[in-house]
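Working notes, structure below.
There are 2 protein chains.
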Amino acid sequence: TSDDGKKKKDIRRVQVYDCRPGSSNELPRKFNITDEDYNGFQCALRKEFSVPPDETFIVSTTDREEITEDIYKLLLDGKTLQLLESVHQMLPTATQERIEYQPHYHTLVQCGMYEYYASEGQEALPYAFAELIDNALSATRNNIGIRRIEIRLLFDESQGGPAIVVMDNGCGMTSKQLKNWAVYRLSKFIRDNTAFTSQEPGYVRPNPVPRSLNSDISYFGVGGKQAVFYIGQSVRMISKPASSPDVHEFIMSKEEFERKERDREDIYSGFIRNRMPGDSSHVNSSEELFLVPIVNEEVGKDSFTAVVITRLQQAHITYLKQHFTLWTRELAHTYHYYIHGINGNSLREMRVNDSSNNIDIQICLFEKPNRIPRLINLRDVNNDMQTLYIRSSVSTFEFKATGPKDLLVEGLVRYHPFLYDQETYPLDPYSASTEKEDDDCMVVNPEGRGKRPIFECYWNGRLIPYTTVSEFKWCEKPKKTDVVPWECYNRISGVLFANDRFEVSTNKLTFMDLELQLREKATIFTRVNNGQEQRVNIEKEFTSWLEECHVQFDKQVMFLGFLGEMRRADM
Amino acid sequence: TSDDGKKKKDIRRVQVYDCRPGSSNELPRKFNITDEDYNGFQCALRKEFSVPPDETFIVSTTDREEITEDIYKLLLDGKTLQLLESVHQMLPTATQERIEYQPHYHTLVQCGMYEYYASEGQEALPYAFAELIDNALSATRNNIGIRRIEIRLLFDESQGGPAIVVMDNGCGMTSKQLKNWAVYRLSKFIRDNTAFTSQEPGYVRPNPVPRSLNSDISYFGVGGKQAVFYIGQSVRMISKPASSPDVHEFIMSKEEFERKERDREDIYSGFIRNRMPGDSSHVNSSEELFLVPIVNEEVGKDSFTAVVITRLQQAHITYLKQHFTLWTRELAHTYHYYIHGINGNSLREMRVNDSSNNIDIQICLFEKPNRIPRLINLRDVNNDMQTLYIRSSVSTFEFKATGPKDLLVEGLVRYHPFLYDQETYPLDPYSASTEKEDDDCMVVNPEGRGKRPIFECYWNGRLIPYTTVSEFKWCEKPKKTDVVPWECYNRISGVLFANDRFEVSTNKLTFMDLELQLREKATIFTRVNNGQEQRVNIEKEFTSWLEECHVQFDKQVMFLGFLGEMRRADM
Ligand SMILES: Nc1ncnc2c1ncn2[C@@H]1O[C@H](COP(=O)(O)OP(=O)(O)OP(=O)(O)O)[C@@H](O)[C@H]1O
Ligand SMILES: Nc1ncnc2c1ncn2[C@@H]1O[C@H](COP(=O)(O)OP(=O)(O)OP(=O)(O)O)[C@@H](O)[C@H]1O
Ligand SMILES: [Mg+2]
Ligand SMILES: [Mg+2]
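Right under this line is the structure:
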């Protein structure tokens with residue numbers, strides 16, 4: 006063994022407990038064995054623990070492996086050993102061994118692998134993109150002008166790649182914030198936001214806004230990482246905050262984790278690169294050619310963030326190309342009210358001039374060198390489920406549910422009348438049977454709602470896709486109905502807008518207990534009419550609204566004795 | 006500022022990049038500023054970077070915060086700084102800052118918080134226990150005699166606690182294995198199992214066994230941690246491997262993580278205690294009185310593991326007491342075939358003498374000092390869903406599905422006949438309407454199966470509760486049926502036993518793509534008759550089996566012209 010040229014790495018210290026029967030040494034002794042051979046170590050032990058010359062002893066690990074001459078050479082720095090009379094003897098007093106148990110890097114690299122599947126066969130990719138859009142919405146919430154969010158699918162391999170870039174013109178990240186981005190599970194609630202020069206406040210809950218469209222959709226400190234490692238195996242975060250002229254860049258990748266593990270380097274250690282906007286001198290592999298124009302675009306921007314994902318799963322690329330219409334529609338559905346404002350994608354009502362109608366979410370698919378990229382602005386999607394509901398409805402019943410601790414749900418029910426011999430209730434375009442590409446006509450459901458739940462559920466303004474609420478007591482089909490024909494109960498759809506007091510799962514696919522909370526006795530439902538809350542019996546109100554809808558809008562009644570249309574004098 | 010008595014902690018070194026316009030120094034210079042005041046530092050910079058005396062400069066963080074005299078004092082060891090001409094100047098070349106981004110301890114402490122809820126209102130606690138039973142089954146798989154697994158709910162507060170202990174007489178853990186237990190996401194597939202004295206093999210896939218009852222249900226390196234931090238906030242692992250006379254103990258707790266963060270200690274660092282079996286000298290708080298008898302029980306055991314969970318959520322305690330029958334039944338359901346053997350909890354067939362009928366899973370609830378504990382052996386549960394299915398069925402149709410890469414599903418369909426004016430198809434005891442405590446009579450469903458899916462799904466022999474398979478093409482209700490009345494299709498239940506080639510989610514609540522895989526063209530279904538595979542048309546076989554069941558067992562036909570019972574001569 007070569008013992009010369011000793012680096013810091015080669016220093017070996019062990020701590021040894023005296024565990025011989027009758028020993029009362031409760032504390033271990035430290036031995037520096039860097040320059041000690043096996044015999045020397047034995048002698049040092051004998052001396053330190055005053056073992057009489059006629060007494061034998063053995064030394065073992067805490068797993069009772071005897072330290073023989075061969076094993077002695079393999080001992081690593083920091084090891085804890087036990088001096089024993091014999092290998093099988095009992096320990097008279099306890100010993101302690103220090104261990105390190107840092108989470109394995111699969112915590113990050115595999116965090117997205119399973120989380121997105123709430124059930125089988127559902128394609129989870131749109132919800133991975135949603136996490137990145139959430140972050141971009143959150144980052145652009147204080148923008149003065151347009152809030153621009155762009156997803157670019159760079160599948161034109163002549164430019165390097167494939168890669169996916171999610172860009173926003175939001176507040177960007179300081180170097181410190183970029184570091185915090187990388188810390189798994191460091192949520193905004195526990196983050197240290199202080200800088201030397203400013204004592205930034207901790208998390209401030211945003212003021213209530215209609216439909217809870219508050220853009221405050223960062224919650225757990227995991228979304229971005231789950232998303233990128235579900236989509237690919239490497240991410241390059243590029244960000245510039247308004248406070249600094251520099252762009253900060255940070256790469257996290259499976260490959261790099263594997264290398265660090267192999268080289269026994271610190272796993273969770275890396276470098277942030279600070280550079281001039283537009284400086285692409287560090288891009289030199291042909292695999293990353295696509296980065297050059299992206300870096301060039303930086304020049305002149307006050308602040309921005311670009312999330313560049315590479316090492317994409319091939320199956321994802323195939324899906325994204327083949328089902329472009331489908332998944333962009335699902336994103337339009339998810340952010341419907343952020344994109345279109347509180348009244349949604351209505352033809353009739355003017356868009357309300359609120360802060361949410363300056364949000365521009367654009368998807369751009371680059372496939373072949375000479376082909377024009379496929380481009381869609383989510384605002385132009387006209388066949389997502391909410392658009393279909395809004396456009397086929399003739400009347401809206403608004404309500405509110407409030408509970409203890411600021412729990413608030415705004416809700417609405419829409420009526421889809423029976424017209425000209427058919428139901429106008431829209432079919433679900435996501436359901437397998439209607440999953441035709443580029444089919445954006447409004448398909449109509451012969452049975453109305455059928456067994457589908459009434460309510461889709463939004464949280465802080467964005468859809469939580471796997472939670473629906475079937476109905477409430479006050480709007481369910483009654484056992485016997487004399488006033489309203491039962492089919493009318495199949496002609497309603499609804500939306501619930503829950504505020505941040507409701508909990509969602511970390512993958513934002515399900516609410517934790519929305520329905521349970523709403524069923525609590527303490528939850529009070531009130532009707533809202535022209536923005537005014539009315540403390541009235543909601544069931545009565547609803548039933549009479551439904552009756553009115555029926556009388557006024559259904560153009561034919563199928564089974565009941567229809568006596569002709571009449572307008573009531575009392576209205 | 007007191008600068009004397011300098012500890013290692015107080016050493017401060019910074020690295021500084023020369024970022025003045027025109028500079029070509031790409032590498033930073035290191036400065037030890039431990040004993041340097043602000044002016045000294047300025048002088049050292051001027052000298053090192055040869056800044057002419059008439060030139061001014063400033064120093065900033067990588068976030069462009071100027072290092073003033075006040076801020077200088079706050080600089081921590083390892084900081085990266087930039088020497089600039091002015092605060093807003095561009096960087097001529099990039100700088101690099103080293104960052105650390107170890108996952109936050111919430112990765113562990115909150116890992117169970119949301120994962121168990123696949124949908125709303127479902128009580129996830131039984132599945133947290135299931136993770137601990139999985140581990141115990143895995144640890145006892147090579148036991149010679151009885152495999153004993155015990156869950157003790159120690160809610161008698163006169164003995165300290167409350168606490169929950171999960172014990173098994175399995176192989177236990179060496180100190181090294183106990184350390185590996187603590188590493189989040191370190192799965193058995195990537196674990197280093199070597200010891201100095203033995204080169205233990207890596208993961209070895211178990212040989213195929215019927216129903217995949219292979220006890221190999223550890224997969225992701227997260228289950229135990231998710232379970233304990235879902236149930237409580239502190240865990241004490243106590244384990245003894247056969248290879249050593251010592252017991253190893255390790256504590257992981259939210260409180261301890263919080264303390265380490267406060268004291269700026271290494272978060273993922275701790276101590277394993279090695280001690281004599283039965284030595285409870287370290288138990289000295291009255292809160293932990295319940296530990297003493299548990300430690301005393303250690304004496305004489307060859308190997309064991311005890312998982313002791315404390316700081317329990319009060320809501321869990323309430324649930325576990327109030328719904329004792331319900332959740333133990335769900336556990337009996339989950340491990341039905343481990344407990345009862347491959348034929349399940351049948352009255353007719355003798356239990357097969359396989360390795361799985363020596364599994365003893367016992368739950369014990371201690372509530373009050375003078376009350377006899379409530380005790381149940383899962384083998385004695387007679388009203389879990391599988392038992393109900395087995396006991397109400399009169400015939401079984403067995404099959405097998407095989408696919409590429411060793412994919413294997415064993416399956417069976419059972420027939421529940423119409424008898425004496427009613428269906429014998431059992432009701433789901435877990436469904437809300439039948440959730441009465443201690444009601445173990447067999448309730449019967451007037452509509453047979455109704456709209457319920459046919460198949461419950463097991464993976465490596467244990468139930469994956471939130472995945473069901475509705476049907477396969479060959480057993481679904483045909484559009485028109487001349488042979489078998491359609492009600493017969495509502496009289497079947499089924500089980501699928503998938504092997505380890507199918508993926509499940511990390512919380513083992515759902516399969517990833519069982520149904521999709523089974524629908525693949527490459528998947529081949531064959532009938533199994535008396536243990537023999539038959540390459541025949543499974544749909545035909547199934548239909549004729551169903552017809553036979555109908556003819557032979559249904560005692561009355563409701564709507565079709567029943568001509569009387571007959572026994573066919575050809576059988
Ligand atoms: N596009 C962005 N612009 C600015 N900051 C961002 C951006 N994306 C992420 N961040 C910062 O990084 C942090 C971590 O993001 P990540 O999505 O991983 O978790 P989170 O948003 O905090 O919580 P969640 O788990 O709910 O997504 C964010 O809180 C935010 O401070
Ligand atoms: N009761 C036990 N007896 C012996 N070893 C155990 C026991 N419980 C856990 N272990 C060891 O600790 C490891 C980690 O357990 P944990 O349940 O956290 O993850 P896992 O079982 O490996 O994977 P999964 O996420 O599928 O549960 C196990 O692989 C096993 O080696
Ligand atoms: Mg996020
Ligand atoms: Mg496990």
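Protein sequences, first through last, are from chains A and B.
The first sequence lines up with residues 6 to 576 when you count with this note's numbering.
The second sequence lines up with residues 6 to 576 when you count with this note's numbering.
Backbone N, C-alpha and C define an ideal beta-carbon position, used for all residues, glycine too.
The model shown is predicted, which means the values in this text are computed figures rather than measured ones.
In the DSSP assignment, D139 (chain B) falls within the unbroken alpha helix (DSSP H) covering L130 to A144. Beyond the five residues adjoining it in sequence on each side, F276 (chain B) comes within less than 8 angstroms, by CB distance, of F255 in the same chain, given in chain order. Within the chosen limit of 8 angstroms, ligand 3 does not reach the beta carbon of D221 (chain A) with any heavy atom.
Along the segment 315-328 of chain B, none of the residues has a CB nearer than 7 angstroms to a CB of chain A. With its beta carbon less than 9 angstroms from one in chain A, Y106 (chain B) belongs to the interface. Within the segment 81-104 of chain B, contact with chain A at the beta-carbon level (separation under 7 angstroms) is assigned to H93, M95, L96, A99, T100, Q101, E102, R103 and I104. Against chain A, the beta carbon of G275 (chain B) has neighbours under 8 angstroms at R103, I104 and Y106, listed in chain order. For A187 (chain A), the uninterrupted alpha helix (DSSP H) segment begins and ends at S180 to A187. Annotation: A200 (chain B) to R18 (chain A) spans about 20 angstroms, alpha carbon to alpha carbon. For P451 (chain A), the nearest beta carbon of chain B is not closer than 9 angstroms to its own beta carbon. For S475 (chain B), no alpha helix (DSSP H) encloses it, and the DSSP letter there is neither H nor E.
Between the alpha carbons of S510 (chain A) and Y342 (chain A) lies a distance of about 21 angstroms.
Taking 9 angstroms as the threshold, the shortest C-beta distance from S475 (chain B) to chain A does not fall below it. Close to E74 (chain B), with beta-carbon spacing below 8 angstroms, lies no residue of chain A; the smallest spacing is near 12 angstroms. Here M172 (chain B) is near V312 (chain B), since their CB atoms are less than 9 angstroms apart.
Per the C-alpha coordinates, the member of B:K78, B:Q164, B:E128 and B:V227 positioned closest to L336 (chain B) is B:E128. No Cβ of chain B is located within less than 9 angstroms of the beta carbon of T528 (chain A).
In the DSSP annotation of this structure, the continuous segment of the alpha helix (DSSP H) that includes V556 (chain A) starts and ends at I543 to F558. For Y430 (chain A), the secondary structure class from DSSP, reduced to helix, strand or coil, is coil.
Any Cβ of chain B closer than 9 angstroms to the Cβ of K181 (chain A) would place that residue at the interface, and such an atom is present.
For P470 (chain B), the secondary structure class from DSSP, reduced to helix, strand or coil, is strand.
Contact check for T339 (chain A) against Y132 (chain A) passes: the beta carbons are separated by less than 9 angstroms. In this structure the segment 369-378 of chain B touches the segment 146-166 of chain B; the number of beta carbon pairs closer than 8 angstroms is three or more. One Cα belongs to S65 (chain B), the other to I16 (chain B), and the distance between them is close to 20 angstroms. Contacts between N279 (chain A) and chain B, judged by CB atoms closer than 8 angstroms, involve T67, Q87, L96, A99, T100, Q101 and E102 in chain order.
If you draw a straight line from the Cα of D365 (chain A) to the Cα of C24 (chain B), it comes to about 37 angstroms. The way I'd put it, the segment 235-247 of chain A does touch the segment 182-192 of chain A; three or more beta-carbon pairs between them come closer than 8 angstroms. For the set A:E546, A:R316, A:R396 and A:E461, the Cα lying nearest the Cα of G165 (chain A) is the one of A:R316. Looking at the DSSP output, G416 (chain A) sits in a beta bridge with A:F404 and A:L501.
When 9 angstroms is used as the limit between beta carbons, Y189 (chain B) is near these residues of chain A: Y106, Q107, P108, H109, H111 and T112, in chain order. Neighbours of T202 (chain B) across chain A, judged by C-beta separation under 8 angstroms: E70, E71 and I76. Here N147 (chain B) has C176 as same chain residues with Cβ atoms under 7 angstroms from its own Cβ, once five neighbours each way along the sequence are excluded. Using beta-carbon distances, F46 (chain A) does not count as an interface residue toward chain B, since no partner is under 9 angstroms. Ranked by Cα distance from E41 (chain B), the first of B:R34, B:L50 and B:P33 is B:L50. Taking CB atoms only, G226 (chain A) has a neighbour in chain B less than 9 angstroms away. Under DSSP, W464 (chain B) forms a beta bridge with B:R467 and B:A503.
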